[in-house]
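Just add 15 to wherever you are in the sequence shown, counting from 1, and you've got the working numbering.
Note that beta-carbon positions come from the ideal geometry of N, C-alpha and C, so glycine has one too.
All of these numbers come straight from a predicted model, not from anything done at the bench.
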Amino acid sequence: MNRSRQSISGFTLVELLVVLAILGLLAGLVGPKVLSQLGGAKSKTAGVQVKELEAAAEVFKLNVGRYPTSAEGLGALIAKPATAPGWDGPYLKKGELPKDPWGFDYKYESPGKHGDIDIYTLGADNAVGGEKENADVGNWQ
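In structure tokens:
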């Protein structure tokens with residue numbers, strides 16, 4: 016009885032290693048580009064949130080006749096301060112103050128160094144200055 020050799024289909028170890036090497040090269044080239052875009056997205060998100068907080072402060076000013084003081088802070092956009100007749104809030108959609116994309120509170124100054132009010136975040140490092148993700152993002156930019 017002659018047994019004929021049946022052909023077994025599949026991949027050889029060499030073929031699998033070549034595919035894995037190609038995938039590794041692609042991940043090495045594409046991965047850093049994708050990760051850098053994710054980082055930039057956080058700064059852009061912070062910019063959008065700062066503009067939203069600034070718009071809410073503008074509506075506060077229309078109702079009360081002034082911006083929240085530095086002592087009242089951004090919390091005045093959520094809960095009525097004792098000295099704010101005409102307050103008609105909360106002025107933010109969700110009824111709560113957002114954290115910046117890195118989990119820190121937004122900073123608020125009235126009067127600001129750059130305008131009537133300054134609303135800003137210090138970036139990923141939560142320290143003044145910096146570049147890229149560590150850069151400050153404020154309503155004066």
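- Non-local C-beta neighbours of Y106 in its own chain, meaning closer than 6 Å and more than five positions away in sequence, comprise A71, V74, F75, L92, ordered along the chain.
- It is roughly 33 Å from the alpha-carbon of P96 to the alpha-carbon of N149.
- Note that the region 105-120 does not touch the region 31-41; fewer than 3 beta-carbon pairs, one per stretch, sit closer than 8 Å.
- Assigned with DSSP and collapsed to three states, T98 falls in coil, not helix or strand.
- Between L35 and L68, the gap from beta carbon to beta carbon reaches 8 Å or more.
- With at least 16 other beta carbons inside 10 angstroms of its own, D133 counts as buried.
- Counting only runs of at least 4 residues, the region 19-93 fully encloses the following alpha helix (DSSP H) elements, listed from N- to C-terminal order: 28-79.
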